[in-house]
Amino acid sequence: MYKQMQNFIEITDLENLQAKTVSEDGKRMYQFEGMEAKYPSVTTVTGLLNREHIKLWRKRVGEETANKITASATKRGTNFHQLVEDYLRAEKDIIIENDLQRGMFNAMQPVLDEIIPLALEAPLFSPNLEMAGRVDCVGIFDEQLCIIDFKTSSKYKEEYMAKPWFIQMTAYALMVEELTGQAVQECVALVAVEGLNAFQLFTCNPLDYIDDLVQLRKQYKNVYGV
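Mapping to numbering that gives the first Met the number 0: the sequence shown position 93 is 92, numbers consecutive.
Have a look at this one:
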């Protein structure tokens, strides 16, 4: 179904890919060094899944409240991502900012210790999908090559809520295979739950979500023309 790159690169070299992000008509696009093409980000494309839901939610709670909640969630997620990345790289001492973050990290730490990271925060692209993005982690987990995504939440998630994540991670899985020739066997979402000292783990086989991803990409192109 997908053409492969003529010259594969090592998974550990994915972090060395050079990409810049640009905004065009309010949409985030990636452009990689040595390439003319600009590709929409995976998160922008998969955002179509929740677009109407988010509009209704913002209308219900009001723009001011919605902006505060969004800003708080974004800050929480960004800070926790950095903490997890620093821990997995093991290149410097980690800094835990507060008790809430400590509770989330302590809950997730045992499973983090089972991950062998091969590439962290690596930029990826796919000429086949005409998409790009930045993956949290490509690594070995439970003796399988996995895409691993780190999430935070203010409450427990139900299984159906993981579908957008699965589609997003499937895109990354296909990009990794396209760039390296290595097939990703599983996608893993680790969700730290704020204030409950707990985490959730959601997994999927990326093969199960390729059709959903391709249809969503077609929908995005029909709507925005890119």
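A virtual CB, placed ideally from N, CA and C, is assigned to each residue, including glycine.
Taken through DSSP and simplified to helix, strand or coil, GLY102 comes out as helix.
Taking a 10 Å sphere around the C-beta of ASP148, we find 16 or more other C-beta atoms and assign the residue as buried. With contacts defined by Cβ atoms closer than 8 Å, CYS186 and ILE146 form a contacting pair. Per DSSP, LEU47 has no beta-bridge partner at all.
If you draw a straight line from the Cα of PHE201 to the Cα of GLU32, it comes to about 34 Å.
Exclusion of the five residues before and after VAL41 leaves MET130, GLY132, GLN167 and ALA170 as the residues of its chain whose Cβ lies within less than 6 Å of its Cβ. Less than 8 Å divides the Cβ of ALA106 from the Cβ of ALA197. Residue range 162-179 is occupied by the alpha helix (DSSP H) that includes MET168.
CA-to-CA, the gap between ALA172 and THR179 works out to about 11 Å. In the three-state scheme derived from DSSP, where H, G and I count as helix and E and B as strand, GLN184 is classed as coil. If you look at TYR38, you'll find it in the beta strand (DSSP E) that goes 37-39.
ASP112: not part of any alpha helix (DSSP H); DSSP gives it neither H nor E. Of the other Cβ atoms in all chains shown, fewer than 16 fall within 10 Å of the Cβ of TYR159; this residue is therefore exposed. DSSP lists MET28 as the beta-bridge partner residues of VAL21. Pairing GLU96 with ALA18, the inter-Cα distance amounts to about 30 Å. Out of ASN204, THR43 and ASP135, the CA that lies nearest to the CA of LEU111 is found in ASP135. PRO122 is a Cβ neighbour of LEU16, given a cutoff of 8 Å.
Under the DSSP definition of a beta bridge, GLN143 partners with PHE140. Residues of the same chain with a CB within less than 7 Å of the CB of GLN218, apart from the 5 flanking positions on each side, are LEU47 in chain order.
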